[in-house]
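Working notes, beginning with the structure itself.
In my numbering, the protein residues as written are 1 to 94.
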């Protein structure tokens, strides 16, 4: 895992926290890291978000990825990614 990856995850945690979600970076024994996000108002609503690069024709761009492997959002915009996660983890009436 590169430092860019960890930095992107930390920025996402900050944005998620500001939206009232509980988030932290978790590092696996294999050294991979992800953000564990939980809605404190409905703790069964949780998600693990990873960050990894995807090669583009002329360069590599970093993206946040949903736990099911779908690309979610560019890592250049952690606020936009946090908005998407918050929407997915919103409890009824939130």
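Ideal placement from N, C-alpha and C gives every residue a C-beta, glycine not left out.
* To do: Would you identify the three-state DSSP class for residue 11, choosing helix, strand or coil?
  => helix
* Just the C-alpha distance for residue 34 and residue 21, rounded to the nearest angstrom, thanks. => 15 Å
* At which residues does the beta strand (DSSP E) containing residue 74 begin and terminate? -> 71–74
* Reduced DSSP secondary structure (H/G/I, E/B, other) of residue 61 -> strand
* **Distance, residue 37 Cα to residue 12 Cα** => 10 Å
* Asked: So what does DSSP say about residue 79, is it helix, strand or coil?
  -> helix
* Asked: Candidates 92, 91, 93 and 8: which alpha carbon is nearest residue 49's?
  -> 8
* Asked: Considering only residues of the same chain and omitting the five flanking positions on each side of residue 65, which have a CB-CB separation below 8 Å?
  -> 49, 50, 51, 52, 71 and 72
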